[in-house]
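Notes to accompany the following structure.
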Amino acid sequence: MNHRNALGTLGVTTALLASSLVWAGGQGITVLTNANVIDGTGAPVQEGMSITIDGAVITGLVAGAYAPTGEEREVIDLAGAYVTPGFWNMHVHLTTLLPHNHQLNGASLGAKVIRAGVNAMEGLRHGFTALRSTGEEHYIDVAWQEAFDEGFMLGPRIFASGESVSPTAGHRGDVERGADGVAEIRKAVRSRIQNGAAVIKIVNVEMLPDELEAAIETAHSLGVHVTAHSREPAVYAAVEAGIDSIEHGYGLTDESIALMAEKGTFYDPTIICNLSDEYIRERETRLASLGYSDDEQAVRLRTEIAYADERSPEHARHQREALAKAAKAGVKLLVGSDSMPIGEIGWLEMEQFVLSGVSEMDTLIAATRNPAELLGVLDLLGTVEEGKLADLVVMTANPLENISNIRTIRMVFKDGISVPMTPPPGTLRFYDYYDSLGPPSSFLERSESLSGFVREGNPYGGR
Numbered sequence: 002m003n004h005r006n007a008l009g010t011l012g013v014t015t016a017l018l019a020s021s022l023v024w025a026g027g028q029g030i031t032v033l034t035n036a037n038v039i040d041g042t043g044a045p046v047q048e049g050m051s052i053t054i055d056g057a058v059i060t061g062l063v064a065g066a067y068a069p070t071g072e073e074r075e076v077i078d079l080a081g082a083y084v085t086p087g088f089w090n091m092h093v094h095l096t097t098l099l100p101h102n103h104q105l106n107g108a109s110l111g112a113k114v115i116r117a118g119v120n121a122m123e124g125l126r127h128g129f130t131a132l133r134s135t136g137e138e139h140y141i142d143v144a145w146q147e148a149f150d151e152g153f154m155l156g157p158r159i160f161a162s163g164e165s166v167s168p169t170a171g172h173r174g175d176v177e178r179g180a181d182g183v184a185e186i187r188k189a190v191r192s193r194i195q196n197g198a199a200v201i202k203i204v205n206v207e208m209l210p211d212e213l214e215a216a217i218e219t220a221h222s223l224g225v226h227v228t229a230h231s232r233e234p235a236v237y238a239a240v241e242a243g244i245d246s247i248e249h250g251y252g253l254t255d256e257s258i259a260l261m262a263e264k265g266t267f268y269d270p271t272i273i274c275n276l277s278d279e280y281i282r283e284r285e286t287r288l289a290s291l292g293y294s295d296d297e298q299a300v301r302l303r304t305e306i307a308y309a310d311e312r313s314p315e316h317a318r319h320q321r322e323a324l325a326k327a328a329k330a331g332v333k334l335l336v337g338s339d340s341m342p343i344g345e346i347g348w349l350e351m352e353q354f355v356l357s358g359v360s361e362m363d364t365l366i367a368a369t370r371n372p373a374e375l376l377g378v379l380d381l382l383g384t385v386e387e388g389k390l391a392d393l394v395v396m397t398a399n400p401l402e403n404i405s406n407i408r409t410i411r412m413v414f415k416d417g418i419s420v421p422m423t424p425p426p427g428t429l430r431f432y433d434y435y436d437s438l439g440p441p442s443s444f445l446e447r448s449e450s451l452s453g454f455v456r457e458g459n460p461y462g463g464r
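Right, dumping it as structure tokens:
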């Protein structure tokens, strides 16, 4: 379901083309040959392909070895590596440092801006060429969206939301003054779009029916899609009212799943934020067995983040089963991590899809084609096809055989440009921010009893 009107689609398409031209000017022709292509459409692997990139655009996708003409800037033999569309992380909060959030209450705006940029650019090196921001203070996401589009730095495409729209006393109501009643809801939506938002994120759990309808109608009238942080029974109400996508979907019912499949509503389960102790241990045991636990800092901090957002066994089991049911019912899925950093937790989200029963192919589609369709840019992005922008990920192993092969990334292309995979000397990783702060006291105080913390007891359904 895509309610983006013609004006909205034209605006986004124009912006994408403009930003691509900034980066691709004078770039010349690059050819990737001897490539195995997973194009994102659901089709089988295309073996032994050659991909021609002219500037920012894929101009050729043909079987067989490439015969150089002498006009190429570069011909790269991938030696049988696997090429997919660039990944999308559809639920990010660029400045978030769970579980350090409250320790950072006094952080300056400048520090938050810098942290957001580091997070985004590091995410690009992990293959996430596009992001959807789902709630960010001070329009920091819009600022980085514009910085990357204008070519000041090489970063992912950002579809920014600014602050979420929530009624007084609603979830995240402490971030910005709530909007109450139809008039205030309409004004809040228009204000965000006026300030550069390409997405409207609402929290509809406490919204009245007329407020929910006003938010959706106003955004759609301006060509912008709406997503909702939601839990049942508010999920069913949002889908019935015409929401474009659902975030989290706490307590998702079979009735809502059926309605989402019928209406074409997208589902972003953020399943990585809905794990019990059992599932966290399952995840880490699996990654260790595959040899992805050598980075001590990453293992320690991704585990700390997981336990800071731990759920009860019942809640975690329900969310896992609901995701599997949604996939089976044909609901269009989206990959979104919610927790940060974008790269590592984004990979974990994709892996968790498969652990939840979603196929590797459907997981890749949820991270590539489906996001582009939702955002109204499938004509330019989301699949590896002629005429589309060259946002690509190159892996040495087949992610359809094991989803964790997404961790074997060799190259990333954004707008046809090969992304430097090593950050400049002296550049911190996003995880370094965690270590510089040290373990938060609040986390240490309750770490012993985390496994008994029943998160669905929170009336707002989690974070």
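End of the sequence shown = 464 in my numbering, gap-free, step of one. All C-beta atoms in this analysis are idealised placements derived from N, C-alpha and C, irrespective of residue type, glycine included. None of these values were measured; they are calculated from a predicted model.
On the DSSP bridge list, what partners appear for residue i?
i	result
L62	I52
R232	Y251
R158	A131
M412	V395
N106	Answer by DSSP bridge pairing: none, since N106 is not bridged.
Q47	V38
D339	BP columns for D339 are empty, so no partner.
W89	A131
E75	T31
D269	E248
K333	F267
L390	V58
H226	V200
Y83	N37 and M396
S419	F414
V166	I203
How long is the line joining the alpha carbons of residue i and residue j, rounded to whole angstroms?
i	j	result
E48	R191	48 Å
E475	E285	It is not possible to answer for residue 475, since the shown part of the chain is limited to 2 through 464.
D175	A66	Because the pLDDT at D175 is just 41, under 50, the model does not fix this residue reliably, and the value given afterwards should be weighed accordingly. About 58 Å.
M341	I115	15 Å
I407	M396	7 Å
S33	R370	For the record, residue 33 in the displayed sequence is Leu; it is not Ser. Going from the Cα of L33 to the Cα of R370 covers about 21 Å.
T97	G71	48 Å
L390	Q28	14 Å
P460	R232	Unreliable placement is indicated for P460, whose pLDDT of 31 sits below 50; the coordinate value is still reported in the next sentence. So the two alpha carbons sit approximately 10 Å from each other.
D296	I30	37 Å
E322	G427	44 Å
R74	L209	58 Å
N37	T364	18 Å
G81	P100	41 Å
F149	D55	20 Å
E137	F160	12 Å
L155	V420	8 Å
T135	S338	11 Å
A215	S222	10 Å
A198	G377	15 Å
T130	G388	18 Å
T423	S294	20 Å
A368	P69	33 Å
T53	G128	20 Å
H103	A189	26 Å
A235	G417	42 Å
For a quick check, are the C-beta atoms of residue i and residue j less than 8 Å apart?
i	j	result
L132	I343	yes
V143	N196	yes
A242	I217	yes
V336	E350	yes
V413	R126	yes
S405	L324	no
T271	E248	yes
G347	F88	yes
E207	G171	yes
L213	A238	yes
P441	Y83	no
Rounded C-beta distance between residue i and residue j? I'm assuming under 8 Å.
i	j	result
P86	L393	7 Å
G179	T169	3 Å
A327	L276	Not confirmed; about 18 Å, so no contact.
A299	I281	Wrong, their Cβ atoms sit about 15 Å apart, outside the cutoff.
D1	H94	Residue 1 lies beyond the range of the chain shown here (2 to 464); nothing can be said about it.
L375	D245	6 Å
Compute every distance between the C-beta of residue i and the non-hydrogen atoms of the ligand NAP, then say whether any falls below 7 Å.
i	result
L438	Summarising the ligand content, the structure contains no ligands, and the ligand NAP is consequently not present.
Any contact between the segment 32-42 and the segment 376-389? By contact I mean 3 or more CB pairs, one from each, below 8 Å. yes
Could you tell me whether the segment 221-236 touches the segment 355-362, using the rule of 3 or more Cβ pairs below 8 Å? no
Validate contact between the segment 316-333 and the segment 256-266 using beta carbons, cut 8 Å, 3 pairs: Segments in contact, yes.
How do the segment 162-173 and the segment 202-212 stand: do at least 3 beta-carbon pairs fall below 8 Å, yes or no? yes
Between the segment 311-321 and the segment 55-62, do at least 3 Cβ pairs fall closer than 8 Å? A contact between stretches requires three or more CB pairs, one per stretch, nearer than 8 Å, and the segment 311-321 fails this requirement with the segment 55-62.
Can you confirm whether the segment 282-299 touches the segment 251-263 when touching is taken to mean that 3 or more C-beta pairs between the two stretches lie within less than 8 Å? No: the two stretches stay apart, fewer than three of their Cβ pairs being nearer than 8 Å.
Does the pairing of the segment 116-123 with the segment 428-436 give three or more beta-carbon distances under 8 Å? yes
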